[in-house]
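A.B. asks:
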Amino acid sequence: TVGAVALDSAGTLAAATSTGGYTNKPAGRIGDSPIIGAGTYARNGVCAVSGTGKGEYFIRHAVAHEIASRMAYLGESLEDAASKVIHQDLKPHDIGAGLVAVGADGAITAPYNTDGMFRGWVLPGGRMFVASHAEVFDLATLP
Amino acid sequence: MNPTALAIHGGCGVMARLDLAEDEWIAARADLGRSLEAGWAVLTAGGSALDAVEAAVVVMEDSPHFNAGHGAALNTDGEHELDAAIMNGADLAAGSVTLARRIRNPIRAARAVMEAQEAVMLGGPAADAFAAGAGLDIVEPSYFTTERRVAALSAMKRHQAAGTAAKASEAEKHG
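These protein sequences, in sequence, are chains G and V. Each residue of the first sequence is one higher than the last, beginning at 10 in our numbering. Each residue of the second sequence is one higher than the last, beginning at 10 in our numbering.
What follows is the structure, encoded as structure tokens:
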């Protein structure tokens, strides 16, 4: 699964996710990626989220919307809300899960509960980083 | 001008590095960088977040190193069924496609569904037909297949036959 989240100069948030499911998945099985509020969600003033992992649990927990709701209704930070969903809500299910999210202030978080997650981000000013595990590569500064 | 921000993911699990040969990881890393460059170029040109996330995802769909588009996993029938979604936080507009088999870049189809405003999700042959009607690139299903995914499906079938499916690695499940 791949995904992206962004905040533009007009203050608009957006999220996108695309996937092939998983190897040997049942024919006709639909995961969380195309389910709005599960694997993909964006709401201006709150956050944008794209997830990756065992989709059935992302659907049951409405993961992406849950993060937005925690922020909007409980006042949690982006990092706290995303971390709680990945590391607490999904923990009892013992499934692999991760996500990237961006807040209305441009904050970025990328929690995961597996050994690693392919991820990347660009800081204000254009410094670009990619990572898989704890190893982070500072690739370049973009114009 | 307000701050801009961009983040991407290319899947999680053990396969995120450990199951990759060094040259594969270098290539995957380069494609992650190209994805960020594509999205960031949109944002720094004053483009929309929607255009940025679409541009970033298209790069990863076109890469053989990730489970989406070219390089997607195979289902139990040895076929590809692709899912994608996109959402605009400004007005909560959203579009998605599911179980698509012939759309080269499913994220572009999801965007087209969103902009058509007649549905949020289209599935199966209807999604493929909609994408074709929208003028998007349509490909043979074999376009999505890579040797890595064929090997992964074979390994999963062997695990199933041996009753050891639970021991399959993340690479075998997700590639």
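Glycine included, C-beta positions come from ideal geometry on N, C-alpha and C.
Taking 9 Å as the CB-CB limit, is K34(G) close to chain V?
C.D. replies: Start at 1 with the first residue of the first sequence, and residue 34(G) comes out as number 25. It does: the Cβ of K34(G) has a partner Cβ on chain V nearer than 9 Å.
A.B. asks: Along chain V, in chain order, which residues have C-beta atoms closer than 8 Å to that of R136(G)?
C.D. replies: Numbered from 1 along the first sequence, position 127 holds the residue referred to as residue 136(G). Within chain V, no residue comes near R136(G); the closest Cβ sits about 10 Å away, beyond 8 Å.
A.B. asks: According to the neighbour-count rule (16 or more other Cβ atoms, all chains shown, within 10 Å of its Cβ), is R113(V) buried or exposed?
C.D. replies: As a first step, residue 113(V) is located in the second sequence; it is residue number 104 there, counting from the start. With 16 or more Cβ atoms within 10 Å of its Cβ, R113(V) is classed as buried.
A.B. asks: Just to confirm the assignment: which complete alpha helix (DSSP H) runs, minimum length 4, are found wholly within the stretch 27–73 of chain V?
C.D. replies: 31–53, 58–71
A.B. asks: For a minimum of 3 consecutive residues, which ranges assigned as the beta strand (DSSP E) are wholly contained in the stretch 12–87 of chain G?
C.D. replies: Contiguous beta strand (DSSP E) elements confined to the stretch 12–87 of chain G occur at 22–28, 49–52, 56–62, taking only those with 3 or more residues.
A.B. asks: Of the residues M126(G), P43(G), L99(G), which one's Cα is nearest the Cα of V109(G)?
C.D. replies: Taking the first residue of the first sequence as position 1, residue 109(G) is located at position 100. Ranking M126(G), P43(G), L99(G) by Cα distance to V109(G) puts M126(G) first.
A.B. asks: Does the separation of the CB atoms of D146(V) and R110(V) fall below 9 Å?
C.D. replies: Translated into the one-based positions of the second sequence, residue 146(V) becomes position 137. Translated into the one-based positions of the second sequence, residue 110(V) becomes position 101. For D146(V) and R110(V), no; Cβs fall outside 9 Å.
A.B. asks: Can you tell me the Cα-Cα spacing of L131(V) and A47(G), whole angstroms?
C.D. replies: Against the second sequence, residue 131(V) aligns to sequence position 122. Against the first sequence, residue 47(G) aligns to sequence position 38. Straight-line Cα distance between these residues: approximately 17 Å.
A.B. asks: Expressed to the nearest angstrom, what Euclidean distance is found between the alpha-carbon atoms of N97(V) and A23(G)?
C.D. replies: Translated into positions along the second sequence, residue 97(V) becomes position 88. Translated into positions along the first sequence, residue 23(G) becomes position 14. So the two alpha carbons sit approximately 5 Å from each other.
A.B. asks: Along the alpha helix (DSSP H) that carries F139(V), what are the first and last residues, could you check?
C.D. replies: Locating residue 139(V) in the second sequence gives position 130, where the first residue counts as 1. Looking at the DSSP string, the run of the alpha helix (DSSP H) that includes F139(V) is 133–142.
A.B. asks: Does the stretch 18–34 of chain G come close enough to the stretch 49–60 of chain V that 3 or more CB-CB pairs lie under 8 Å?
C.D. replies: Because the criterion of three Cβ pairs below 8 Å is met, the stretch 49–60 of chain V and the stretch 18–34 of chain G touch.
A.B. asks: By how many angstroms is the C-alpha of K100(G) removed from the C-alpha of D92(V)?
C.D. replies: Counting from one through the second sequence, the residue named residue 92(V) turns up at place 83. Counting from one through the first sequence, the residue named residue 100(G) turns up at place 91. Distance between the alpha carbons of D92(V) and K100(G) is about 25 Å.
A.B. asks: From the beta carbon of L22(G), is the nearest beta carbon of chain V less than 9 Å away?
C.D. replies: Locating residue 22(G) in the first sequence gives position 13, where the first residue counts as 1. At least one chain V Cβ lies under 9 Å of L22(G).
A.B. asks: Nearest-angstrom Cα distance between A91(G) and H70(G)?
C.D. replies: The count along the first sequence starts at 1 and reaches residue 91(G) at position 82. The count along the first sequence starts at 1 and reaches residue 70(G) at position 61. So the alpha carbons of these two residues sit roughly 12 Å apart.
A.B. asks: Check the Cβ-Cβ distances between P185(V) and every residue of chain G, and say whether any is below 9 Å.
C.D. replies: Within the shown structure, residues of chain V are numbered from 10 to 184, placing residue 185(V) beyond reach of any answer.
A.B. asks: Closest to V94(G) by CA distance: which of D114(G), A119(G), G115(G), G30(G) is it?
C.D. replies: Position 85 of the first sequence, counted from the start, is the residue given in the question as residue 94(G). Closest by alpha carbon: A119(G).
A.B. asks: What does Y99(G) reach in chain V if we use C-beta pairs closer than 7 Å?
C.D. replies: Counting from 1 along the first sequence, the entry for residue 99(G) is found at position 90. What sits at residue 99(G) in the sequence shown is Leu, not Tyr. Within chain V, no residue comes near L99(G); the closest Cβ sits about 12 Å away, beyond 7 Å.
A.B. asks: Check whether the stretch 122–139 of chain G and the stretch 12–19 of chain V touch, using three or more Cβ-Cβ pairs below 8 Å as the test.
C.D. replies: yes
A.B. asks: Which two residues bound the contiguous alpha helix (DSSP H) that contains V106(V)?
C.D. replies: One-based indexing of the second sequence puts residue 106(V) at position 97. Following the DSSP letters along the chain, one finds V106(V) in no alpha helix (DSSP H) but inside the beta strand (DSSP E) bounded by residues 102–109.
A.B. asks: Whose C-beta lies closer than 8 Å to the C-beta of G172(V) among residues of the same chain, with five residues either side of it excluded?
C.D. replies: The count along the second sequence starts at 1 and reaches residue 172(V) at position 163. Same-chain partners within the cutoff: there are none.
A.B. asks: Could you confirm whether any beta carbon from chain V is found closer than 9 Å to the beta carbon of A71(G)?
C.D. replies: Along the first sequence, one-based indexing puts residue 71(G) at 62. Output row for A71(G): interface = no.
A.B. asks: Is it buried or exposed, G48(V), if we count other Cβ atoms within 10 angstroms and call 16 or more buried?
C.D. replies: Counting from one through the second sequence, the residue named residue 48(V) turns up at place 39. Flag for G48(V) reads buried.
A.B. asks: Quick one: using the 10 Å Cβ neighbour count with 16 as the cut-off for buried, is H89(V) buried or exposed?
C.D. replies: As a working mapping, residue 89(V) is identified with position 80 in the second sequence. H89(V) is buried by the Cβ-count criterion.
A.B. asks: Can you give me the start and stop residues for the alpha helix (DSSP H) that V122(V) sits inside?
C.D. replies: The residue given as residue 122(V) occupies position 113 in the second sequence. Segment 115–125, the alpha helix (DSSP H) holding V122(V).
A.B. asks: Could you tell me whether the Cβ of Q169(V) comes closer than 9 Å to any Cβ of chain G?
C.D. replies: Residue 169(V) sits at position 160 when you count from the first residue of the second sequence. It does; some Cβ of chain G falls within 9 Å.
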